[in-house]
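First the structure, in the form of structure tokens, and then the observations on it.
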Amino acid sequence: MEEKLQTFYGNLFEKKLIQEIAEVGIYKQVPKGTRLIEIGSLIKSIPLLLTGAVKILREDENGNELLLYFLEKGDTCAMTLTCCMGNTRSQIRAIAELDTELIFVPSQKMEDWLKYKTWRDFVFESYNTRLYEMLDAIDTLAFLNMNERLYKYLKNKVLIKKSKELPISHQEIAYELNTSRVVISRLLKQLENEGKVKLYRNKLEVLEF
């Protein structure tokens, strides 16, 4: 585990901190679609991503989900850090977007490791990055129409998956953008007519990027 940590976090953390993480961390490999954090759950560990990607979602009172942002290798979840500090329940859902490798460290270690400057910088940078992503999500909802939101969503998916081919159904997109499948199908057809995407059965390709 220490070797994996050194590979992905060696440029962020000093060797002593990496050794401590390796001593208490739990390594896990999870397949795409695994629910890692559930809304309302108590957070007992902090995830450190080694490979893959995790999507963070919110849910309204009717059970509708809304995609907030993605976590990638070298990231942790600022929402998780907040829950650990305040001993509160999770307000988000975290689902593996790709097959993912993580190391989970006990939540109580968050404060213990504040003695390390690199850990403090990592925590503050995580908060800062997630704040900007939250602001971007708010701006997207407030200022972009659904057509623009959809195209931005697809481009973000391409960046995460590192492929212009996206194996995803119209219904899945509708869930993550909190709209109907009919609306998504209509807008995807419009994007295809504009030469921006190519549609297949349960798959699409982003042509213009």
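For what it's worth, this note's numbering labels the leading residue of the sequence shown as 3, then goes sequentially.
Glycine residues also receive a C-beta, built at the ideal position from the N, C-alpha and C atoms.
DSSP-derived helix/strand/coil call for residue i
i	result
Thr142	helix
Ser182	coil
Tyr202	strand
Lys46	coil
Tyr71	strand
Thr131	helix
Thr78	coil
Leu168	strand
Ile94	coil
Leu51	strand
Glu99	coil
Leu116	helix
Contacting residues, own chain, Cβ-Cβ under 6 Å from residue i (five flanking each side not counted)
i	result
Leu51	Leu73, Lys75, Asp77 and Leu104
Leu156	Val208
Thr82	Ile45 and Ile48
Contacting residues, own chain, Cβ-Cβ under 8 Å from residue i (five flanking each side not counted)
i	result
Lys6	Tyr29, Leu52, Glu103 and Ile105
Val160	Lys166, Leu168, Val208 and Phe211
Tyr153	Leu193 and Lys198
Ser187	His172
Met87	Met112 and Glu113
Gly1	Since the first residue shown for the chain is 3 and the last is 211, residue 1 is missing from the structure and cannot be characterised.
Residue i versus residue j: straight-line alpha-carbon distance, rounded
i	j	result
Arg37	Tyr129	22 Å
Gln192	Lys198	9 Å
Leu19	Val125	14 Å
Cβ neighbours of residue i in the same chain (closer than 7 Å, five flanking residues each side left out)
i	result
Gly27	Met3, Ile105, Phe106 and Val107
Ser182	Ala176
Beta strand (DSSP E) segments (min. 3 residues) lying fully within the segment 11–40
Complete beta strand (DSSP E) runs here, min 3: 28–32 and 37–39.
Quick check: the segment 89–99 against the segment 58–70, are there 3 or more CB pairs under 8 Å?
Judged by Cβ distances under 8 Å, the segment 89–99 makes contact with the segment 58–70, as three or more pairs qualify.
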